[in-house]
Amino acid sequence: MSREITFGYSPCPNDTFAFHALSHGLVKAPGFKFKTRLGDVEELNRLALQSILEVTKLSFHALGHVLDKYALLNAGSALGRGCGPLVVAKPGAEPADLAKVKVAVPGRLTTAQMLLSLYLGKTPEVEPMEFSQVMEAVAQGRFKAGLVIHEGRFTYERLGLIRLLDLGEWWEAETGLPIPLGCIAMRRDLGKEAYGIIDRALGESVNMAMQHPLKSKEYVLAHAQEMEASVVESHIGLYVNDFTADLGEAGLKAVEEALIRGRQSGLLPQTDYPLRME
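If you're matching positions, the sequence shown starts at 1 in the UniProt record's numbering and goes up one per residue.
Given below as structure tokens:
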């Protein structure tokens, strides 16, 4: 009999695209049956602090807080170049303003929030909210700046906002590495055998999505929150890539660098737990 486990990921196009095959039984994880739970990435981050879900999407920032309970899987991550979080503002703002104003952010445990703190050399004053509300809050003048993730990097100009800072460009210039944003992690108590089975199934799901992109189209659009088809396509193209199928050496190095910097800055706790289960 297969064990039922819950797999949490976001309704964003990159996740519904990449994990459609696994969540719909098109690829198998012998011994396991997946129950899907969709949620905003910060919601999933908070659930991980309580070890609620067996397998879940996480910001790398959040992963750094829960490595005692969760292990990083090789498949399913969002990394890349030219895909980092943006800080947006109304015209006339300057990057130097960020140290003096309250910033609307898509969650305290997001990688975007950690990157902004690393850039500033301190944790700024922030107001967490749903990522979809950030740009509107800035456009309405409720905040001087907002931290934008996901499809926001394609649409902020429509609200009359400017790009104040590209944290991906900053990270790549600082490290020469791709920017690590989010990952899939498995609860360690499932064991090493489960780790291998689930990781392989995730990789197969991602590869099937990339090889047969039309299979998931209906599912992706159903959860795309009225997003335009062109934005959906751009979103998937940016965030689903070879790193999603397998982190590889470069991807793993980028993740390790982010966690090292987070620990050195005091944003993440020190830990002896390894990233993965080998």
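A virtual CB, placed ideally from N, CA and C, is assigned to each residue, including glycine.
Work out the CA separation of residue j and residue i for me, nearest whole Å.
| i | j | result |
| --- | --- | --- |
| Glu-193 | Ala-71 | 13 Å |
| Ser-265 | Lys-57 | 24 Å |
| Met-186 | Pro-91 | 43 Å |
| Pro-274 | Gly-84 | 25 Å |
| Lys-35 | Val-55 | 10 Å |
| Glu-204 | Ala-258 | 27 Å |
| Glu-256 | Met-277 | 15 Å |
| Leu-157 | Leu-221 | The residue asked about is misnamed: residue 157 is Glu in this sequence, not Leu. Taking the straight line joining both Cα atoms gives about 23 Å. |
| Asn-14 | Leu-202 | 14 Å |
| Gly-8 | Arg-142 | 32 Å |
| Ser-59 | Thr-155 | 22 Å |
| Ser-2 | Asp-189 | 17 Å |
| Ala-173 | Arg-261 | 15 Å |
| Glu-233 | Thr-123 | 34 Å |
With a 10 Å radius around its C-beta and 16 neighbouring C-beta atoms as the bar for buried, classify residue i as buried or exposed.
| i | result |
| --- | --- |
| Tyr-239 | buried |
| Glu-127 | exposed |
| Arg-153 | buried |
| Glu-130 | exposed |
| His-212 | exposed |
| Thr-23 | Reading the sequence as shown, one finds Ser at residue 23 and not Thr. Ser-23 should be labelled buried. |
| Glu-4 | exposed |
For the ligand ZN, is there any heavy atom lying closer than 6 Å to the beta carbon of residue i?
| i | result |
| --- | --- |
| Val-55 | Absence of the ligand ZN is noted for the structure shown, with no ligands found whatsoever. |
On the DSSP bridge list, what partners appear for residue i?
| i | result |
| --- | --- |
| Asp-166 | Leu-86 |
| Ile-184 | Lys-57 |
| Arg-261 | Paired residues: none, contrary to the question. |
Per the contact definition of three or more C-beta pairs closer than 8 Å, is the segment 239 to 254 in contact with the segment 70 to 84?
yes
Whole runs of the beta strand (DSSP E) within the segment 23 to 66, excluding any shorter than 3 residues:
Entirely contained in the segment 23 to 66, the beta strand (DSSP E) runs reaching 3 residues are, in chain order, 32 to 38 and 55 to 59.
When you compare the segment 177 to 185 with the segment 93 to 106, are there three or more beta-carbon pairs, one atom per stretch, that lie closer than 8 Å?
No, the segment 177 to 185 is not in contact with the segment 93 to 106.
In chain order, each beta strand (DSSP E) run of at least 3 residues that lies wholly inside the segment 82 to 163:
86 to 89, 103 to 105, 126 to 128 and 145 to 148
How do the segment 40 to 55 and the segment 248 to 255 stand: do at least 3 beta-carbon pairs fall below 8 Å, yes or no?
no
Mind pulling the alpha helix (DSSP H) runs of 4 or more residues that sit fully within the segment 194 to 247?
217 to 222, 229 to 239 and 242 to 245
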